[in-house]
Amino acid sequence: MTLPNAKRIVLTGAGRGLGRAMASGFITAGHTVIACSRSQESIARLRQRFNSPHRFDAVDVADDDRVAAWAHEVLAAHGPPDLLINNAAVINENAPLWEVTAADFDRLVDVNVKGVANVIRHFVPAMIQRGQGVIVNFSSGWGRSASPEVAPYCASKWAVEGLTRALAEELPDGLAAVPLNPGVIHTEMLESCFGAAAASYSKPQRWAERTVPFLLQLGPKDNGHPLTAPA
Numbered sequence: 458m459t460l461p462n463a464k465r466i467v468l469t470g471a472g473r474g475l476g477r478a479m480a481s482g483f484i485t486a487g488h489t490v491i492a493c494s495r496s497q498e499s500i501a502r503l504r505q506r507f508n509s510p511h512r513f514d515a516v517d518v519a520d521d522d523r524v525a526a527w528a529h530e531v532l533a534a535h536g537p538p539d540l541l542i543n544n545a546a547v548i549n550e551n552a553p554l555w556e557v558t559a560a561d562f563d564r565l566v567d568v569n570v571k572g573v574a575n576v577i578r579h580f581v582p583a584m585i586q587r588g589q590g591v592i593v594n595f596s597s598g599w600g601r602s603a604s605p606e607v608a609p610y611c612a613s614k615w616a617v618e619g620l621t622r623a624l625a626e627e628l629p630d631g632l633a634a635v636p637l638n639p640g641v642i643h644t645e646m647l648e649s650c651f652g653a654a655a656a657s658y659s660k661p662q663r664w665a666e667r668t669v670p671f672l673l674q675l676g677p678k679d680n681g682h683p684l685t686a687p688a
């Protein structure tokens with residue numbers, strides 16, 4: 458059931474992991490979710506599970522033209538989001554930096570950094586025009602520290618931290634931009650880094666139970682503050 462005062466939430470990377478868990482959590486809490494994923498199969502499953510007014514589209518955030526078209530359709534149908542969450546990201550296979558191919562490095566930067574900028578470029582002007590809204594860009598513990606064999610991912614998340622904090626200084630009163638470290642959660646991405654040890658961490662659904670209410674209460678007071686999801 459959708460609440461009378463439901464928030465409109467635009468979410469990227471909803472096809473799996475944290476994105477899928479957030480989409481389910483926001484909808485269960487009575488809010489409207491407009492989300493995307495690169496995977497057509499994931500989008501089909503989300504559409505089967507959740508009906509209107511929720512919306513799910515296959516969008517690669519690295520494709521600026523596709524993001525522009527998606528944003529145009531979403532804004533025309535739903536208006537500006539109250540909460541814009543840039544969650545979509547990829548990670549490199551564990552390897553020393555010099556062994557990461559140029560193609561793999563480019564793809565990671567295209568999604569993790571340019572993808573965030575693309576979504577901001579096409580949604581935030583409408584939020585500014587309305588005079589309110591919160592932008593949450595997912596960073597990482599590796600956006601505030603570093604580890605071997607994930608240098609490209611670290612670089613992209615450090616970039617998200619800087620991009621978001623600079624954006625926060627550009628926004629007018631009434632809006633906020635927040636870089637968020639989600640913490641360590643058992644996802645496919647974590648499995649690619651930690652292997653079997655990833656299973657010792659919380660699953661996305663449990664994480665979302667704590668994090669969805671936390672995200673919903675963010676506001677202008679949080680503008681520019683690097684935050685971490687509740688443990």
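Position 178 of the sequence shown, counting from 1, maps to 635 under our numbering, and the rest follow consecutively. Note that CB positions come from ideal geometry on N, CA and C, so glycine has one too. All values reported here derive from a predicted model rather than from experimental measurement.
Taking the alpha-carbon of residue i as reference, which of the options has the nearest alpha-carbon?
i: G640; options: L684, Y610, P609; result: L684
i: P605; options: L628, P553, P510; result: P553
i: G681; options: E618, A654, L673, M584; result: E618
i: P582; options: P687, E550, P629, D567; result: P629
i: G572; options: A545, L532, G590, S499; result: A545
i: G536; options: H579, G474, G600; result: H579
i: L460; options: A486, G472, A515, P677; result: A486
i: G472; options: V547, R523, L540, D539; result: V547
i: R622; options: P636, V607, A653, G631; result: P636
i: N551; options: R512, N569, Y610, G590; result: Y610
i: L503; options: S481, D520, V524; result: S481
i: R663; options: I592, A688, V516; result: A688
i: V607; options: A533, D561, E626, R477; result: D561
i: V566; options: E498, C493, D520; result: D520
i: D679; options: A653, A625, S496; result: A625
i: I585; options: V467, N594, E627, S509; result: E627
Specify, as a first and last residue, the run of the alpha helix (DSSP H) that residue i falls within.
i: V607; result: V607 -> no alpha helix (DSSP H), and no H or E assigned at all.
Would you check if the distance between the CB atom of residue i and the CB atom of residue j is smaller than 7 Å?
i: M479; j: A665; result: yes
i: T489; j: N543; result: no
i: H484; j: F507; result: In the sequence on display, residue 484 carries Ile and not His. Result yes, Cβ atoms of I484 and F507 sit closer than 7 Å.
i: N602; j: K614; result: The sequence shown places Ser at residue 602, rather than the Asn named in the question. No.
i: V576; j: L675; result: no
i: P661; j: L541; result: no
i: G631; j: P670; result: no
i: R523; j: V516; result: yes
i: T668; j: A686; result: yes
i: R465; j: D539; result: yes
i: V570; j: A616; result: yes
Can you check the region 533-612 for any alpha helix (DSSP H) of at least 4 residues that lies completely inside it and give the ranges in chain order? 559-566, 572-587
What residue ranges within the region 464-539 form continuous beta strand (DSSP E) runs of no fewer than 3 residues, ordered along the chain? 465-468, 489-494, 512-515
Contiguous alpha helix (DSSP H) assignments of at least 4 residues, all confined to the region 612-672: 645-651
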